[in-house]
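In the working numbering, the protein residues as written are 40 to 202.
Ideal Cβ placement from N, Cα and C applies to all residues, glycine included.
Since we're looking at a predicted model, the values are computed, not measured.
What follows is the structure, given as structure tokens:
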């Protein structure tokens, strides 16, 4: 439900981008999911898994949102990620992580944007990010890698994002 108090109205294009991403990935065969734009680049399935993983890392890992059942999906793009994912798995991951994000946007208001989250990792200095920064970062990440997937598929003569 969209009200004037929640964040959904400020991110109206994101659900459409999600829809187009799902529509682009859904019909792909395992061979098409394995396509790369060039040598050394990640294949389509891994780029999609990376979108899913980033959503989980930022919304769950940083802000504690979503269900713990999403956590295994975060591993799909980690390390060597040796197991290619099917279109059905990727669609499920996109839909589950989108449900998490959409629920947050529907629940949060502008007053929630300034809340700050801090992470300490042994390999990096302590960093803090606001909820507003995290939302923007995940949105731009979705758009960036959605475009990368689109470019890869288009360069192989397959349907890309239909914006």
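What are the boundary residues of the alpha helix (DSSP H) that includes residue 191? 170-194
Helix, strand or coil for residue 164, going by three-state DSSP, please let me know. strand
Where does residue 45 sit, in a helix, a strand or coil, going by DSSP? strand
To the nearest whole angstrom, what separates the beta carbons of residue 76 and residue 191, a pair I think is in contact under 8 Å? 4 Å
When you measure from the CB of residue 117 to every non-hydrogen atom of the ligand NAD, does any distance come out below 8 Å? No copy of the ligand NAD appears in this structure; indeed no ligand is present at all.
Quick one: Cα of residue 53 to Cα of residue 143, how far? Distance from the CA atom of residue 53 to the CA atom of residue 143, rounded to whole angstroms, is 13 Å.
Whole-angstrom distance between residue 70 and residue 154, CA atom to CA atom: 43 Å
Identify whether residue 155 lies in helix, strand or coil by the three-state DSSP scheme. strand
CA-CA distance, residue 105 and residue 140? Cα to Cα, residue 105 sits roughly 8 Å from residue 140.
Leaving aside the five residues before and after residue 198 along the sequence, list all residues of the same chain whose C-beta is less than 6 Å from its C-beta, in chain order. none
Apart from the five residues just before and just after residue 152, which ones in its own chain have a Cβ nearer than 7 Å to its Cβ? 169, 170, 171
Would you say residue 57 and residue 181 are within 9 Å of each other, going by their C-beta atoms? yes
So, residue 123 versus residue 73, is the Cβ gap smaller than 9 Å? yes
Is residue 78 helix, strand or coil when you go by DSSP? coil
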